[in-house]
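Novice: Before I ask anything, here is the structure I am working with.
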Amino acid sequence: MMPNENVNKSIANNPKFKPMFVYLSQLMDKPVIDNLGIQAGELYDIVVKKSAIYPQSDSLIIRRGYPNRKYALVKWSDISEIDEREVRLKIDGKSLNFYEKHDEKAEFTLRRDILDQQVVDTYNHKVIRVNDIHLLLVDDSLMLAHVDISTRGLLRRLGLEKSVDFLVRFVNKNARYLKAEYLISWKFIQPLSINPVSMTIKIDAPQSQLSNIPAADLGEIFLDLSTKHQVALFKSLDINTKARTFVNIDFKTQNSLVEELSDKDVVELLNSIPSDETIDFLEKLPKDETEKILKLMESKTSKKLSELLGYSSDSAAGLMITEFMAFLKGTSINAVLSQLKIRSFKTEPAQFVYIVDENYRLVGSTNFRRMIFANPDELIEKVMFPKTYYVRLNSSVKEVAYLMEKYKYYAIPVVDDNNVLQGIVTVDDVLSQIISIAWRRLKKIKVLPKQQAQSQEEIKI
Numbered sequence: 002m003m004p005n006e007n008v009n010k011s012i013a014n015n016p017k018f019k020p021m022f023v024y025l026s027q028l029m030d031k032p033v034i035d036n037l038g039i040q041a042g043e044l045y046d047i048v049v050k051k052s053a054i055y056p057q058s059d060s061l062i063i064r065r066g067y068p069n070r071k072y073a074l075v076k077w078s079d080i081s082e083i084d085e086r087e088v089r090l091k092i093d094g095k096s097l098n099f100y101e102k103h104d105e106k107a108e109f110t111l112r113r114d115i116l117d118q119q120v121v122d123t124y125n126h127k128v129i130r131v132n133d134i135h136l137l138l139v140d141d142s143l144m145l146a147h148v149d150i151s152t153r154g155l156l157r158r159l160g161l162e163k164s165v166d167f168l169v170r171f172v173n174k175n176a177r178y179l180k181a182e183y184l185i186s187w188k189f190i191q192p193l194s195i196n197p198v199s200m201t202i203k204i205d206a207p208q209s210q211l212s213n214i215p216a217a218d219l220g221e222i223f224l225d226l227s228t229k230h231q232v233a234l235f236k237s238l239d240i241n242t243k244a245r246t247f248v249n250i251d252f253k254t255q256n257s258l259v260e261e262l263s264d265k266d267v268v269e270l271l272n273s274i275p276s277d278e279t280i281d282f283l284e285k286l287p288k289d290e291t292e293k294i295l296k297l298m299e300s301k302t303s304k305k306l307s308e309l310l311g312y313s314s315d316s317a318a319g320l321m322i323t324e325f326m327a328f329l330k331g332t333s334i335n336a337v338l339s340q341l342k343i344r345s346f347k348t349e350p351a352q353f354v355y356i357v358d359e360n361y362r363l364v365g366s367t368n369f370r371r372m373i374f375a376n377p378d379e380l381i382e383k384v385m386f387p388k389t390y391y392v393r394l395n396s397s398v399k400e401v402a403y404l405m406e407k408y409k410y411y412a413i414p415v416v417d418d419n420n421v422l423q424g425i426v427t428v429d430d431v432l433s434q435i436i437s438i439a440w441r442r443l444k445k446i447k448v449l450p451k452q453q454a455q456s457q458e459e460i461k462i
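Note that this note's numbering gives residue 394 to position 393 of the sequence shown, counting from 1, and the numbers run on in steps of one.
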């Protein structure tokens with residue numbers, strides 16, 4: 002949890018401004034008084050400018066009348082004073098134009114777009130619900146400083162904070178509830194308000210802020226969202242972040258997302274994820290849907306995927322990825338290193354380079370370390386390992402795991418019956434498959450996670 006941090010210290014430390022923190026819940030529904038001392042309505046919502054890191058107030062939405070509510074927009078320049086008791090205007094309330102509703106989609110408002118909404122905490126990598134909003138009152142402006150995710154924030158909005166505080170203080174005056182602040186700085190918050198026309202979410206935080214979240218955490222964030230928000234957020238991401246998210250969510254969620262994408266977007270997505278992940282997804286689809294997707298893809302890619310779909314998911318062919326680094330025998334080390342610098346990969350490449358002949362048959366392998374310390378003018382086969390072990394397309398996951406453990410490989414090449422290099426299996430793929438097998442066995446004998454420690458001697462995987 003992020004601590005309550007000072008926002009914009011250069012302003013806060015300037016005695017000219019006399020800053021004060023206030024919660025949105027303490028301002029909502031407070032009377033709005035015009036320059037003649039007559040109540041014009043009550044504060045309903047605050048419109049803020051989204052350009053700054055910490056958005057600042059732009060105008061107020063006030064409402065009046067019951068049960069027939071009417072709403073008016075007040076420019077911030079027309080406000081003379083605002084605090085927890087009331088809002089005072091510089092203008093006559095009769096000059097305000099009230100309408101049956103105020104629902105301008107282009108505006109960014111605190112009550113409608115943030116309060117009670119799901120947002121992404123890009124610092125702690127999770128989805129949270131906003132119970133209150135912490136504002137900094139600086140001179141003539143309100144600055145959005147933090148979001149409050151505490152139970153106390155919810156009670157404050159319901160008008161129960163003082164009563165509950167009294168009861169808690171009576172029982173335990175040192176209770177953590179009374180002292181702890183669950184405030185998260187706004188700069189780490191990504192709101193998830195959906196554009197009703199495009200059904201996408203505008204990403205206001207830099208894309209790098211989301212792309213820097215570990216893939217596993219990104220997947221968990223995604224699964225914590227409602228279905229509507231999942232689809233909207235996914236459509237808003239760049240293709241690399243989409244790919245990282247897609248491979249870290251369950252098949253049911255993957256399928257629901259694909260159903261919402263255009264054919265072009267589906268092809269782009271599947272071309273951006275590792276081939277083994279594409280196979281895992283396609284083999285779970287009905288046959289007619291798989292065939293439809295394969296027809297949309299490039300013929301060469303489609304043909305390769307069709308071949309791999311014929312293999313078991315726990316075979317080397319079912320586990321392997323087809324993105325690897327292979328160079329013809331006779332290529333100089335300098336040329337290889339130059340190529341590695343400019344190549345882009347869907348996943349972090351394994352630290353191995355494979356050497357093939359003119360028919361793409363596997364000749365040997367080497368690694369980055371050997372090439373870096375070698376003479377760059379030497380041919381790549383000069384730094385090959387004495388022997389390279391490999392597996393066949395139909396080799397079992399047990400055979401793959403055995404060879405990788407025995408020879409301490411992080412990746413092992415996969416060849417066909419003619420020794421033509423087809424792909425590689427990484428240790429991550431093998432570990433994932435073994436964990437999946439182990440989990441299925443545990444579920445079969447009905448062992449819960451809490452029971453596993455007690456049953457280690459009885460269960461053999």
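Every residue, glycine too, gets a C-beta built ideally from N, C-alpha and C.
Tell me which residue opens and which closes the beta strand (DSSP E) that LYS163 is part of.
Specialist: The continuous stretches of beta strand (DSSP E) do not include LYS163, which lies in the alpha helix (DSSP H) extending over residues 162-172.
Novice: Who are PHE22's beta bridge partners in DSSP?
Specialist: Paired residue(s): LEU137.
Novice: Would you tell me roughly how many angstroms separate the C-alpha atoms of VAL33 and GLY94, rounded to the nearest one?
Specialist: Answer to the nearest angstrom: the Cα atoms are 9 Å apart.
Novice: Using only the alpha-carbon positions, how far apart do LEU44 and ARG112 sit?
Specialist: 11 Å
Novice: Cα separation between SER199 and ASP266?
Specialist: In this predicted model, SER199 has a pLDDT of only 46, less than 50, meaning its place in the structure is not dependable; the value taken from the coordinates is given anyway. Distance between the alpha carbons of SER199 and ASP266 is about 15 Å.
Novice: How far does the beta strand (DSSP E) with LEU329 in it reach, from first residue to last?
Specialist: First-last of the beta strand (DSSP E) with LEU329: 327-329.
Novice: Cβ of VAL357 within 8 Å of Cβ of LEU422?
Specialist: yes
Novice: Are the segment 294-314 and the segment 270-278 in contact at 8 Å, needing three or more beta carbon pairs?
Specialist: yes
Novice: At 4 residues or longer, what runs of the alpha helix (DSSP H) sit wholly inside the segment 389-414?
Specialist: 398-408
Novice: Spatial neighbours of MET144 within its chain, please: CB distance less than 6 Å, with the 5 preceding and 5 following residues excluded, ordered by chain position.
Specialist: TYR55, GLN57, LEU137, listed in sequence order.
Novice: Return the Cβ separation of TYR24 and ASP149 in integer angstroms, given the expectation that the two are a contact with Cβ distance under 8 Å.
Specialist: 7 Å
Novice: Where does LYS102 fall in DSSP's three states?
Specialist: coil
Novice: Using DSSP with H/G/I as helix, E/B as strand and the rest coil, what is THR332?
Specialist: The three-state secondary structure of THR332, taken from DSSP, is coil.
Novice: Using the three-state DSSP reduction, which class does ASN175 fall into: helix, strand or coil?
Specialist: coil
Novice: Among GLN40, GLU101, ASP122, which one has its Cα closest to the Cα of LYS91?
Specialist: With distances taken between Cα atoms, LYS91 lies closest to GLN40.
Novice: By a C-beta neighbour count over all protein chains shown, 10 Å radius and 16 as the cutoff for buried, is SER78 buried or exposed?
Specialist: The residue in question, SER78, is exposed, as its Cβ has fewer than 16 Cβ neighbours within 10 Å.
Novice: Round the Cβ separation of LEU320 and SER307 to the nearest angstrom and send it over; I've been treating them as touching at under 8 Å.
Specialist: Not confirmed; about 17 Å, so no contact.
Novice: Identify every run of the alpha helix (DSSP H) within the segment 241-282, keeping only runs that are complete inside it and at least 4 residues long; order them along the chain.
Specialist: 252-261, 264-273
Novice: I think ILE62 touches ASP46, with their Cβ atoms under 8 Å apart; what is that distance to the nearest whole Å?
Specialist: 4 Å
Novice: In whole angstroms, what separates the C-alpha of ILE202 from that of ALA233?
Specialist: The predicted position of ILE202 is uncertain, since its pLDDT is 49 and thus under 50; no value can be drawn from it.
Novice: Report, in whole angstroms, the separation of the C-beta atoms of SER1 and ARG157, which I expect to be a contact under 8 Å.
Specialist: Residue numbering for the chain in the displayed model covers 2 to 462; residue 1 lies beyond these limits and cannot be assessed.
Novice: State whether the segment 361-368 contacts the segment 414-421, with contact taken as three or more CB pairs (one from each stretch) at a distance under 8 Å.
Specialist: yes
Novice: Considering Cα atoms alone, identify which of ASP225, LYS388, ILE214, GLY365 is closest to PHE189.
Specialist: ILE214
Novice: Which one of ARG86, ALA412, ASP114 has the shortest CA to CA distance from LYS50?
Specialist: ASP114
Novice: Can you check whether the CB of LEU310 is closer than 8 Å to the CB of GLU284?
Specialist: Yes. Within cutoff.
Novice: Please work out which residues of its chain come closer than 8 Å, Cβ to Cβ, to ILE222, disregarding the five sequence neighbours upstream and downstream, and give them in chain order.
Specialist: VAL121, HIS126, LYS127, VAL128, ILE214
Novice: In the DSSP assignment, what are the bridge partners of MET144?
Specialist: GLN57, LEU137
Novice: Please name the residue, chosen from VAL392, TYR72, THR254, that lies closest to ASP104 on a Cα-to-Cα basis.
Specialist: TYR72
Novice: Residues in the same chain with beta-carbon distance under 8 Å from ASP378, minus the five sequence neighbours each way, listed in chain order, please.
Specialist: SER333, ILE334, ASN335
Novice: Any idea what DSSP makes of ALA233, helix, strand or coil?
Specialist: ALA233 falls in the helix class under three-state DSSP.
Novice: Comparing C-alpha positions only, which one of LEU380, VAL392, THR367, MET372 sits nearest to PHE386?
Specialist: If you compare the alpha carbons of LEU380, VAL392, THR367, MET372 with that of PHE386, the shortest gap goes to THR367.
Novice: In three-state DSSP terms, what is GLY319?
Specialist: helix
Novice: From ASP141 to ILE134, what does the alpha carbon distance come to, in whole angstroms?
Specialist: 18 Å
Novice: Can you tell me where the alpha helix (DSSP H) holding GLU290 begins and where it ends?
Specialist: 288-297
Novice: What is the DSSP secondary structure of LEU306, counted as helix, strand or coil?
Specialist: helix
Novice: Return yes when the Cβ of VAL426 is within less than 8 Å of the Cβ of ALA327, no when it is not.
Specialist: no
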